[in-house]
DNA sequence: ACCTTAATCGACAGTGCGTCAACTAACAAG
DNA sequence: CTTGTTAGTTGACGCACTGTCGATTAAGGT
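Chains as they are written, first to last, in the numbering used here: chain A, 49 to 261; chain B, 49 to 261.
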């Protein structure tokens with residue numbers, strides 16, 4: 049059966065034990081390897097070797113390769129979410145142009161963790177767990193945006209007809225996520241990133257209807 | 049080494065030989081299996097069994113699993129491209145709303161081949177060949193759209209400032225492709241599809257600037 | 001009848017995965 | 001300090017799947 053049983057990692061919870069060192073070493077080793085090998089071509093054996101543990105030991109900490117990436121990716125996702133929440137919580141920063149600040153934050157964080165984010169996005173189709181993590185955060189971002197759109201509509205700043213705020217937010221978020229994904233895959237330079245932020249900002253504003261240029 | 053050598057399929061070209069039957073059988077078997085098993089969980093052995101050939105024989109026709117999907121997916125992509133080219137070649141159909149007809153065609157064809165398209169999109173990260181095929185067609189669609197956008201701008205129907213027509217087309221195409229991808233993954237109903245078409249149509253028009261609502 | 005090329009298959013070796021049972025290290029309680 | 005418990009470690013094992021090779025048979029033309 050290819051169903052991986054849960055690793056014993058679940059049990060290890062409370063105290064900061066010796067094994068935490070190892071866990072961190074495995075994570076670090078993976079990060080390092082990811083710098084010059086695509087995640088899909090990485091084997092458990094390689095990671096274990098790089099972290100200087102036996103392959104079996106690695107299974108003590110992680111049930112499989114995907115779980116490692118999941119932890120790595122979750123960190124990034126949380127950083128991103130924190131940034132967006134901060135932005136969302138501060139009305140003063142909601143000024144025009146519509147959402148440049150948050151888009152810029154997402155692009156910056158994604159670029160800083162390009163290998164991990166790229167790997168996660170690539171594994172999305174192959175690994176349900178990664179996909180669930182991504183979907184969860186994606187959906188949260190969508191609802192947040194939908195809320196803002198509705199606020200704009202209520203204030204008469206955006207037209208209320210047509211598709212629902214949620215549908216618009218969802219589609220525009222797809223645009224955002226996958227434009228970033230492409231940027232990462234092409235090793236996007238800083239200027240490419242800047243151009244993308246500009247484009248996305250304009251398209252969000254137009255899509256929401258705030259910018260009837 | 050895991051580098052698959054090219055299958056002997058390359059050699060077989062001109063005449064309609066006996067083996068074409070088998071090739072078709074393999075393709076059909078894959079299509080059938082795809083109806084209730086995700087492609088990633090499908091093995092060469094299963095496909096061979098379903099097509100009633102030995103595993104080794106299958107390798108006579110296809111170098112690996114990905115090549116099978118590639119053929120299947122290429123058919124769909126070509127159907128889609130043909131439809132878009134037809135639309136693009138006929139100026140009479142370029143009427144408002146901006147691109148509903150072409151979006152609708154894409155959604156319809158994707159839905160009709162949901163299993164294949166879904167599988168291909170999911171494999172994108174894992175398989176460079178699939179990715180190249182997709183990217184090629186994606187890029188073509190982007191240039192086509194950019195051309196139309198420039199036409200609108202030249203006619204004064206769309207604002208010329210801001211991001212380039214290409215950048216806009218690219219971002220909106222990401223939105224379109226991945227919204228469709230999500231629709232397929234959730235087994236999107238006909239009404240979901242209709243709502244999506246509506247949303248995308250509006251967002252293309254707003255994004256291009258044709259609809260300054 | 002013959003020869004070339006298409007097609008088929010069984011057997012093989014390789015790779016990576018996840019599991020297991022046995023072993024050692026840490027460390028608390030008596 | 002010895003004894004028991006839990007954390008951590010490992011090599012060896014079996015499994016599933018992959019891709020290749022060489023031998024063998026079927027087609028189809030001349």
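All C-beta atoms in this analysis are idealised placements derived from N, C-alpha and C, irrespective of residue type, glycine included. Since this is a predicted model, take the numbers as computed values, not measurements.
Short CB-CB distance (under 7 Å) between residue i and chain A
i	result
residue 163 (chain B)	no
residue 128 (chain B)	no
residue 170 (chain B)	yes
residue 247 (chain B)	yes
residue 38 (chain B)	With chain B running from 49 to 261 in the structure shown, residue 38 (chain B) is simply not present.
residue 176 (chain B)	no
residue 153 (chain B)	no
residue 98 (chain B)	no
residue 241 (chain B)	no
residue 254 (chain B)	yes
residue 114 (chain B)	no
residue 111 (chain B)	no
residue 215 (chain B)	yes
residue 62 (chain B)	Because residue 62 (chain B) carries a pLDDT of 49, less than 50, the predicted location of this residue cannot be relied on, and the following value inherits that uncertainty. Residue 62 (chain B) does not count as touching chain A.
Contacts around residue i, its chain only, beta-carbon distance under 7 Å, and the 5 residues preceding and following it disregarded
i	result
residue 103 (chain A)	92, 93, 96
residue 163 (chain A)	82, 83
residue 216 (chain B)	197, 255, 256
residue 77 (chain A)	95, 98, 99
Minimum Cβ-Cβ distance from residue i to chain B less than 7 Å
i	result
residue 78 (chain A)	no
residue 251 (chain A)	yes
residue 185 (chain A)	no
residue 210 (chain A)	yes
residue 204 (chain A)	no
residue 227 (chain A)	yes
residue 59 (chain A)	A caution first: residue 59 (chain A) carries a pLDDT of 46, below 50, which makes its placement in the model too unreliable to give a value.
residue 49 (chain A)	With a pLDDT of 42 at residue 49 (chain A), under the threshold of 50, the predicted position of this residue should be treated as unreliable, though the coordinate-derived value follows. Cβ-Cβ to chain B under 7 Å: no for residue 49 (chain A).
residue 237 (chain A)	no
residue 88 (chain A)	yes
residue 173 (chain A)	yes
residue 219 (chain A)	yes
residue 93 (chain A)	no
residue 181 (chain A)	no
residue 188 (chain A)	no
residue 156 (chain A)	no
With 16 other Cβ atoms within 10 Å as the buried cut-off, status of residue i
i	result
residue 252 (chain A)	buried
residue 259 (chain B)	buried
residue 44 (chain B)	Missing from the structure shown is residue 44 (chain B); chain B here goes from 49 to 261 and no further.
residue 176 (chain B)	exposed
residue 139 (chain B)	exposed
residue 184 (chain A)	exposed
residue 100 (chain A)	exposed
residue 187 (chain A)	exposed
residue 152 (chain B)	buried
residue 218 (chain B)	buried
residue 72 (chain B)	exposed
residue 242 (chain B)	exposed
residue 130 (chain A)	exposed
residue 154 (chain A)	buried
Heavy atom of the ligand SAH within 6 Å of residue i beta-carbon
i	result
residue 201 (chain A)	Among the ligands in the structure shown, none appear at all, so the ligand SAH cannot be discussed.
Boundaries of the alpha helix (DSSP H) in which residue i is found, first to last residue
i	result
residue 166 (chain B)	162–171
residue 215 (chain A)	213–233
residue 202 (chain A)	176–202
residue 104 (chain A)	103–109
residue 136 (chain B)	113–137
residue 239 (chain A)	238–256
residue 97 (chain A)	92–99
Close-in-space but distant-in-sequence residues of the same chain around residue i (CB under 6 Å, 5 per side omitted)
i	result
residue 201 (chain B)	208
residue 224 (chain A)	248
residue 125 (chain A)	185
residue 204 (chain B)	none
residue 220 (chain A)	252, 255
residue 229 (chain B)	169
8 Å CB neighbourhood of residue i in its chain, flanking five on each side removed
i	result
residue 105 (chain B)	70, 96
residue 247 (chain A)	227
residue 198 (chain B)	213
residue 240 (chain A)	231, 234
residue 237 (chain A)	none
residue 86 (chain B)	167, 170
Contact belief for residue i with residue j at Cβ below 8 Å, rounded distance in angstroms
i	j	result
residue 122 (chain A)	residue 181 (chain A)	6 Å
residue 172 (chain A)	residue 132 (chain A)	Wrong, their Cβ atoms sit about 20 Å apart, outside the cutoff.
residue 119 (chain B)	residue 75 (chain B)	6 Å
residue 137 (chain A)	residue 88 (chain B)	With a Cβ gap of about 40 Å, residue 137 (chain A) and residue 88 (chain B) do not count as contacting.
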